[in-house]
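Beneath this line is the structure, given in structure tokens, with notes to follow.
Residue numbers (our numbering): 1204 to 1269.
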């Protein structure tokens, strides 16, 4: 959902930043796809790694410590 909203906002903002870009098309689909894939990958890793570590914790032992 965030990627879709971000893409919509960035497509709308291309007119504002087009004057700052030199030799680059502001609507380059390869750049939009690459950034989207990179952000989704980073988000999935940020969720997966802590969840993987949490599965190794004994729930009974964790509750006893409290």
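All C-beta atoms, glycine included, are put in the ideal place defined by N, C-alpha and C.
Only a predicted model underlies this, so the values are computations on that prediction, with no experimental measurement involved.
Can you tell which of the options has the C-alpha that lies nearest to the C-alpha of residue i?
i            : options                : result
residue 1211 : 1227, 1223, 1236       : 1236
residue 1285 : 1219, 1246, 1215, 1222 : The question about residue 1285 has no answer, for the chain in this structure spans 1204 to 1269.
Less than 8 Å between the CB atoms is what I'm expecting for residue i and residue j, so what's the real figure, rounded?
i            : j            : result
residue 1233 : residue 1217 : Not confirmed; about 15 Å, so no contact.
With 8 Å as the threshold, decide whether the Cβ of residue i is near any Cβ in chain D.
i            : result
residue 1217 : This model lacks chain D altogether; it includes just one protein chain.
Can you list, in chain order, the residues of its chain whose CB lies under 8 Å from that of residue i, leaving out five sequence neighbours each side?
i            : result
residue 1206 : 1239, 1242, 1243
Might you give, ordered along the chain, the residues of its own chain that have their beta carbon closer than 6 Å to the beta carbon of residue i, omitting 5 neighbours on each side?
i            : result
residue 1221 : 1229
Pairing CB atoms from the segment 1257–1265 with CB atoms from the segment 1234–1247, are three or more of them under 8 Å? no
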